[in-house]
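Step one of this worksheet: look at the structure below.
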Amino acid sequence: MNKGVVRFHDVHEVPYGVFSPLSPHPIVIRHKQYPSVHHYFLTERFRDAPVTAALRSATSVWELDRLVKEAERTGSQREDWNRVKVDVMLLGNYMKFKQNEAVRSLLLETGDKLIIDHTTSDDFWGDRGDGSGKNLLGVILMAVRDRLRRETATKAREK
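For the sequence shown, the positions run 38 to 196 when this note's numbering is used.
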């Protein structure tokens with residue numbers, strides 16, 4: 038049963054800004070470290086090794102944006118990107134909340150609340166500000182929350 042709503046978007050919002058892919062919570066995936074889910078997501082979008090290395094080590098959102106624009110001009114985006122990008126975002130967020138205790142606890146504390154990426158600028162990852170967007174980032178976070186909850190319950194039963 039849904040018992041309320043959690044809205045977030047800006048990484049600086051307290052307390053739920055940490056749900057943003059831009060939040061500086063490092064993740065390790067396939068033996069590579071990324072400063073944030075956003076770094077991982079953008080790195081997976083491109084196949085050119087120098088591009089992905091530069092993206093992974095970018096120190097600001099502005100640098101990431103600049104590097105992405107350069108990579109788009111060179112045509113190094115994966116051909117299957119539109120098919121895999123949701124899975125990439127799902128894996129990145131799962132690893133973020135699995136590997137970072139503080140944000141995992143906050144996500145689990147949301148209980149069964151609906152999680153909404155509340156923004157007027159995005160109708161794919163967000164809700165478009167009026168609820169008409171797909172809110173796929175919110176859907177992903179709720180799926181990650183459910184998986185982490187199941188994993189926690191399984192570990193408790195095994196003890």
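All residues carry an ideal CB built from backbone N, CA and C; glycine is no exception.
Residue i, buried or exposed, once every other Cβ within 10 Å from all chains shown has been counted against 16
| i | result |
| --- | --- |
| G129 | buried |
| R120 | exposed |
| R187 | exposed |
| R182 | buried |
| D154 | buried |
| G112 | exposed |
| H68 | exposed |
| K196 | exposed |
| A95 | buried |
| T191 | exposed |
| H49 | exposed |
Element boundaries [alpha helix (DSSP H), containing residue i]
| i | result |
| --- | --- |
| K192 | L173 to E195 |
| Y139 | What sits at residue 139 in the sequence shown is Ala, not Tyr. Note, A139: alpha helix (DSSP H), E138 to E146. |
Beta-ladder partner(s) of residue i, from DSSP
| i | result |
| --- | --- |
| Q114 | F83 |
| K21 | Look at the range of the chain in this structure, 38 to 196, and you will see that residue 21 is not part of it. |
| V43 | I152 |
Own chain residues within Cβ distance below 6 Å of residue i, not counting five before or after
| i | result |
| --- | --- |
| W118 | R82 |
| H75 | P58 and L59 |
| G170 | D160, G163 and D164 |
| M132 | I64 and I66 |
| I152 | V43, G175, L178 and M179 |
7 Å Cβ shell around residue i - same chain, five flanking residues per side excluded
| i | result |
| --- | --- |
| L173 | V123, F161 and W162 |
| V140 | V55, H62, K133 and F134 |
Other residues of its chain near residue i: CB distance less than 8 Å, five sequence neighbours each side excluded
| i | result |
| --- | --- |
| A180 | L127 |
| R115 | E81, R82, F83, R84 and V121 |
| P52 | L143 |
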